[in-house]
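K.L.:
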Amino acid sequence: MASSSAQKRKRDSNDLDEVTLRVAARSEAEVGPVLACFPALQPPKTTPFCLYIRNASEDESNAEKKKPRKESILVGEAETVEFVSTEESQPASAGCSYLVGIYDKRTKTTTLREAPLHILSRQVKALKNLKSIEVSSEERIKLRNTLGETFGTKKAKAAIRAQERNRVDVDAMQGVAGHLQQRIQANTESLPTQAEAKATADSNRLIPTYDENAQRPEDVYKLHDIIPEVEFNALSITPFKVAVTMHERKALLPHSRSNWINQHLSLLFSAPKPNKIHL
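In terms of this note's numbering, the sequence shown opens at residue 1251 and continues consecutively.
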């Protein structure tokens, strides 16, 4: 009897500890609950919040085929501060789902409901309508240098001083700008023009002057600009004409292993009268 009553009490205690979990299906018409995250300032517990819903289709062209996607924004207002959910709420909920559990003591059931996360930013009411003061780059640099001179290291302070020494004072340069321009103009008058510089460069070239309007490759350079007429007339091609075979003509060449020269030589002597200029 004692063992059976102990087992009965143990079974009853296990029944009391059992909890049923149920996930509630959320319809599109239902709103809430939601989770709120305050990264910086915690609002008072009595701060009222309102959830605004805007229905938007994922694709306007296929709106009738897809379910509407509800976009919500959470807004709260305290005595001196306003709270509004930011655009970071959607990326924060990507890839995961947040659930809120509600326990019912009567049925011993915990119902889990989906709750989107809202990250809230704050805005001070007194500063809401004030425009920010525009700071120029020079003022920003001056303030940064002052901060560096006060709290910076020795290396940072030395860099600030070097930057100040190397900075050009535009106002001081306005008085001497005209004088510098006159000096530059006077010194550049003796310089040659672009055409004169080109003519001087062409005259000092190691290769002869070329003809830009030439229609054939052999007309680009004049023959006697490449080789003087006296030297050209002193050259003789008689040994090549006397030779009977191509093997004998190749033997007369100082370099007989060039395929281009051998082919060019064969084409020249295939004609009835070889041209000395081409050879």
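By construction, the Cβ of each residue, glycine as well, lies at the ideal position given by its N, Cα and C atoms.
Give me the Cα-Cα distance between G1351 and T1270, rounded to the nearest whole angstrom.
P.N.:
Each residue's alpha carbon lies about 12 Å from the other.
K.L.:
For N1525, does the three-state DSSP call read helix, strand or coil?
P.N.:
In this structure, N1525 counts as coil in the three-state DSSP scheme.
K.L.:
Count the C-beta pairs between the segment 1323-1333 and the segment 1289-1298 that are closer than 8 Å, then say yes if the count reaches three, no if not.
P.N.:
Contact holds: three or more Cβ-Cβ distances are below 8 Å.
K.L.:
Using DSSP with H/G/I as helix, E/B as strand and the rest coil, what is E1268?
P.N.:
Three-state result, E1268: coil.
K.L.:
Tell me the rounded alpha-carbon separation between L1517 and I1527.
P.N.:
Between L1517 and I1527, the C-alpha separation is close to 14 Å.
K.L.:
Among N1416, G1425 and R1394, which has the Cα closest to the Cα of A1406?
P.N.:
Selected option, being the one with the closest Cα: R1394.
K.L.:
Could you please give the first and the last residue of the uninterrupted beta strand (DSSP E) stretch that includes A1286?
P.N.:
L1285 to C1287 is the span of the beta strand (DSSP E), which, as asked, contains A1286.
K.L.:
Rank L1301, R1356, S1347 and A1445 by C-alpha distance to the C-alpha of R1363 and give the top, closest one.
P.N.:
Looking at the Cα atoms, S1347 is the closest of the given residues.
K.L.:
Within the continuous beta strand (DSSP E) that includes V1334, where are the two ends?
P.N.:
Where V1334 is concerned, the enclosing beta strand (DSSP E) stretches over V1331 to S1335.
K.L.:
Measure from the alpha carbon of E1388 to the alpha carbon of each residue in V1284, V1374, E1321 and E1414, then state which is nearest.
P.N.:
E1388 has its Cα closest to that of E1414, out of V1284, V1374, E1321 and E1414.
K.L.:
Is there contact between the segment 1359-1379 and the segment 1286-1294, where contact requires at least three CB pairs shorter than 8 Å?
P.N.:
Judged by Cβ distances under 8 Å, the segment 1359-1379 makes contact with the segment 1286-1294, as three or more pairs qualify.
K.L.:
So, with DSSP's three-state summary, where would you put I1352?
P.N.:
I1352 falls in the strand class under three-state DSSP.
K.L.:
Tell me the DSSP bridge mates of T1359?
P.N.:
Answer by DSSP bridge pairing, in chain order: T1270 and D1354.
K.L.:
Just how far apart, CA to CA, sit A1436 and A1408?
P.N.:
Cα to Cα, the separation comes out at about 40 Å.
K.L.:
To the nearest angstrom, report how far apart R1353 and V1273 are at their CA atoms.
P.N.:
The residue asked about is misnamed: residue 1353 is Tyr in this sequence, not Arg. Distance between the alpha carbons of Y1353 and V1273 is about 12 Å.
K.L.:
Hey, L1502 and F1490 are a contact pair by Cβ (cut 8 Å); roughly how many whole angstroms apart?
P.N.:
The Cβ separation is near 6 Å, so the contact holds.
K.L.:
Would you call the CB atoms of L1515 and R1499 closer than 8 Å?
P.N.:
Going by C-beta atoms, L1515 is nearer than 8 Å to R1499.
K.L.:
Would you identify the three-state DSSP class for I1457, choosing helix, strand or coil?
P.N.:
Three-state DSSP puts I1457 in coil, outside helix and strand.
K.L.:
Give the C-beta separation of E1268 and K1358 to the nearest angstrom, bearing in mind that I take them to be a contact with Cβ-Cβ under 8 Å.
P.N.:
Their Cβ separation, rounded to whole angstroms, is 7 Å, which keeps E1268 and K1358 in contact under 8 Å.
K.L.:
Taking just the CA atoms, how far does E1332 sit from K1196?
P.N.:
Outside the displayed span of the chain (1251 to 1529) sits residue 1196, for which this structure offers no information.
K.L.:
Thinking just about the alpha-carbon of each residue, which of E1384, D1475, L1324 and V1334 is nearest to the one in P1366?
P.N.:
Among E1384, D1475, L1324 and V1334, the Cα nearest to that of P1366 belongs to L1324.
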